[in-house]
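J.:
Residue numbers (this note's numbering): 1 to 260.
#1: From residue 140 to residue 253, what distance separates their C-alpha atoms?
#2: Relative to the C-alpha of residue 165, which candidate in 171, 179 and 158 has its C-alpha closest?
#3: Starting from residue 103, trace the alpha helix (DSSP H) in both directions and tell me its first and last residue.
#4: Report all residues from its chain with a CB closer than 8 angstroms to the CB of residue 31; omit the five preceding and five following residues, and keep chain order.
#5: Between 198, 191, 215 and 219, which has its C-alpha nearest residue 209's C-alpha?
#6: Nearest to residue 17 by CA position, among 60, 36 and 37, is which residue?
#7: Helix, strand or coil for residue 108 per DSSP?
#8: Measure the C-alpha to C-alpha separation of residue 218 and residue 198 and round it to an integer number of angstroms.
#9: Would you say residue 207 and residue 170 are within 8 angstroms of each other, going by their C-beta atoms?
#10: Could you tell me which residues DSSP puts in a beta bridge with residue 188?
#11: Kindly identify the DSSP beta-bridge partner or partners of residue 236.
#12: Three or more C-beta pairs closer than 8 angstroms, one from the region 58 to 78 and one from the region 87 to 94: is that the case here?
#13: CB-CB under 7 angstroms to residue 28, same chain, minus the five flanking residues each way: which ones, in chain order?
#14: Can you give me the start and stop residues for the beta strand (DSSP E) that residue 244 sits inside?
#15: Can you check whether the CB of residue 155 is closer than 8 angstroms to the CB of residue 205?
#16: Short check: CB of residue 107 to CB of residue 133, under 8 angstroms?
#17: Along the chain, where does the beta strand (DSSP E) containing residue 152 start, and where does it finish?
#18: Where residue 241 and residue 215 are concerned, what is the direct C-alpha to C-alpha distance, given to the nearest angstrom?
#19: Check for me: the alpha helix (DSSP H) holding residue 79 runs from which residue to which?
#20: Residue 82: buried (16+ other C-beta within 10 angstroms of its C-beta) or exposed?
#21: Which of the three DSSP states, helix, strand or coil, is assigned to residue 214?
#22: At which residues does the alpha helix (DSSP H) containing residue 22 begin and terminate?
#23: My guess is that residue 42 and residue 53 are in contact by the Cβ rule of under 8 angstroms, so how many angstroms apart are they, rounded?
#24: Tell whether a beta-carbon distance below 8 angstroms holds between residue 162 and residue 193.
#25: Spell out the partners DSSP gives residue 163 in its beta bridges.
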């Protein structure tokens, strides 16, 4: 069943809330209706209902439970990722264990029940910010860094969290990516291409078919035996010929970066 309630006018967010538990659905919809940044709230009680609702009218963001009978929230997110005009996803769930999966489907945020109004307001803020960034012209030069991102990393049944701003480079390992900070490395199940697209606005650039680098972490670019090399403090990474020119151009748009 799909219900709708207009709560404002103008360019506010069009929200779809999906949860199979009616009390949770009603509470979350009510909390969102109190937010001035939200223009419309619709509700759906299942993943299938959500798809029907989106077929009738688009949404800017879907606030979705994960554990639902039949077509669950994670499956819904994977279907939505194939939409030409993909809505953002915010998972609202009682289970912390799905944080890694949420990252893999590019969820904007992950809110754990019981939902607090302040935490929900923060999720809405992230949605609005992501909307502004995605609306910027793709050819615009890098301006201020978008908000930092927290990446959940699972090892031995324990989920820890790494800040994107701490990552200096990323290496592809099959269907996985290894995130390197200055003190450790972490393996996550996501493709390098996905990270390249997702983190381009945060200053990450491809320097090799198997390597992304954080441009603000680059301290030097030099030529070694005819090959371009980037230096990140005490780490040297080879740049492929096809990526050398683009790398130099992007570094020139970052004030204070070292030059060859």
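Backbone N, C-alpha and C fix where the C-beta goes; we use that ideal spot for every residue, glycine too.
This one's a predicted model, so the numbers in the text were calculated from it and none came from an experiment.
T.: Concretely, from the data shown:
#1: With a pLDDT of only 47 at residue 140, under the threshold of 50, the placement of this residue in the model should not be trusted; the figure read from the coordinates follows. The straight-line gap from Cα to Cα measures roughly 11 angstroms.
#2: Selected option, being the one with the closest Cα: 179.
#3: First-last of the alpha helix (DSSP H) with residue 103: 99 to 104.
#4: Closer than 8 angstroms at the Cβ level, and outside the excluded window around residue 31, lie 115, 117 and 120.
#5: Across the set 198, 191, 215 and 219, the C-alpha of 191 shows the shortest separation from the C-alpha of residue 209.
#6: 60
#7: coil
#8: 20 angstroms
#9: For residue 207 and residue 170, no; Cβs fall outside 8 angstroms.
#10: Answer by DSSP bridge pairing, in chain order: 177.
#11: 231
#12: yes
#13: 17, 19, 63, 92 and 115
#14: Per DSSP, residue 244 lies in no beta strand (DSSP E) segment; the continuous alpha helix (DSSP H) that holds it begins and ends at 241 to 252.
#15: Contact: no.
#16: No; because the gap between Cβ atoms is not below 8 angstroms, this pair is not in contact.
#17: Note, residue 152: beta strand (DSSP E), 150 to 155.
#18: Computed Cα separation, rounded: 17 angstroms.
#19: 73 to 80
#20: Burial check for residue 82: the Cβ neighbour count within 10 Å stays below 16, so the residue is exposed.
#21: strand
#22: 22 to 33
#23: 6 angstroms
#24: no
#25: 150
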